[in-house]
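Protein chains in written order, with numbering that gives the first Met the number 0: chain C, 0 to 39; chain L, 0 to 155. Ideal placement from N, C-alpha and C gives every residue a C-beta, glycine not left out. Worksheet: one structure, shown below.
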Amino acid sequence: MKLSIYEFAFLLLLVGGALGVWLVVVDRIEGHFFKDSSRE
Amino acid sequence: MHWLTFFIYSWIIFFLFVDWSKINRSVYGGLLALWLGALVDWAGHYLNLYNFNHTGFGSLVNSVLYVAGPLFTMGVLFFQYVSLNRRLQMANVAVFSLAYFAAELLIIRAGAARYIHWHYLASLGVDLIVFTALSYAGEIIMYRKAKVQVRESGGQ
């Protein structure tokens, strides 16, 4: 079954969202963005 | 429209997560991913393994949207998130490879590209190899100075 553009856009949004969640998790582990300024 | 959607989503994720203080080094990840991806896709087309369908804006514009969108932006983000923690970096490679793999499955199922003499698992293999190579280059480019400082301070 061929995906319509809307189905494609929705499913790709889920993939992008999953990648985004992973990047937030890595951020929390590595502290790229959420640095604790009190330690500096 | 599929390639344009892919392009727009990639840049949204890029602007949400990019760390501009590291862009002077992480941009090399984008350029390297762009070059590697373009090389692989040129070979794929030339060897008649798969092709991008000529729908929408035409194959040339579709290729440009692909190279300037997901390849470049995800290359930059991958370099930015390269970790010296081996397990975390393995997970990074796995997650980025699976995300690319999933996006490719959607592209194929939507009819925006077509396999001729190719297979999904071959794509997954190429993704894993490319991201593993990128993580090696990324570690050198992103952490070279930090590693030198650790060595000079006595921490081998």
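Straight-line gap, residue i to residue j (C-alpha atoms, nearest Å)
{"i": "residue 22(L)", "j": "residue 15(C)", "result": "21 Å"}
{"i": "residue 97(L)", "j": "residue 141(L)", "result": "23 Å"}
{"i": "residue 45(L)", "j": "residue 27(C)", "result": "43 Å"}
{"i": "residue 35(L)", "j": "residue 5(C)", "result": "30 Å"}
{"i": "residue 87(L)", "j": "residue 111(L)", "result": "33 Å"}
{"i": "residue 82(L)", "j": "residue 29(C)", "result": "8 Å"}
{"i": "residue 69(L)", "j": "residue 84(L)", "result": "25 Å"}
{"i": "residue 8(L)", "j": "residue 12(C)", "result": "7 Å"}
{"i": "residue 109(L)", "j": "residue 39(L)", "result": "21 Å"}
{"i": "residue 126(L)", "j": "residue 99(L)", "result": "7 Å"}
{"i": "residue 52(L)", "j": "residue 5(L)", "result": "15 Å"}
{"i": "residue 42(L)", "j": "residue 57(L)", "result": "19 Å"}
{"i": "residue 117(L)", "j": "residue 0(L)", "result": "24 Å"}
{"i": "residue 27(L)", "j": "residue 3(C)", "result": "35 Å"}
Helix, strand or coil at residue i according to DSSP, with G and I counted as helix
{"i": "residue 21(C)", "result": "helix"}
{"i": "residue 23(L)", "result": "helix"}
{"i": "residue 61(L)", "result": "helix"}
{"i": "residue 38(C)", "result": "Note that residue 38(C) scores a pLDDT of 45, beneath 50, so its modelled location is shaky; the value from the coordinates is reported in the next line. DSSP places residue 38(C) in helix when its eight states are reduced to three."}
{"i": "residue 44(L)", "result": "helix"}
Buried versus exposed call for residue i [16 or more other C-beta atoms within 10 Å across all chains shown]
{"i": "residue 135(L)", "result": "exposed"}
{"i": "residue 115(L)", "result": "exposed"}
{"i": "residue 19(L)", "result": "exposed"}
{"i": "residue 35(C)", "result": "With a pLDDT of only 49 at residue 35(C), under the threshold of 50, the placement of this residue in the model should not be trusted, and no figure is reported."}
Threshold first: 4 residues or longer. Then list the alpha helix (DSSP H) segments lying entirely within the stretch 72-150 of chain L, N to C. 85-109
Hey, is the stretch 126-133 of chain L in contact with the stretch 19-39 of chain L, meaning 3+ C-beta pairs nearer than 8 Å? yes
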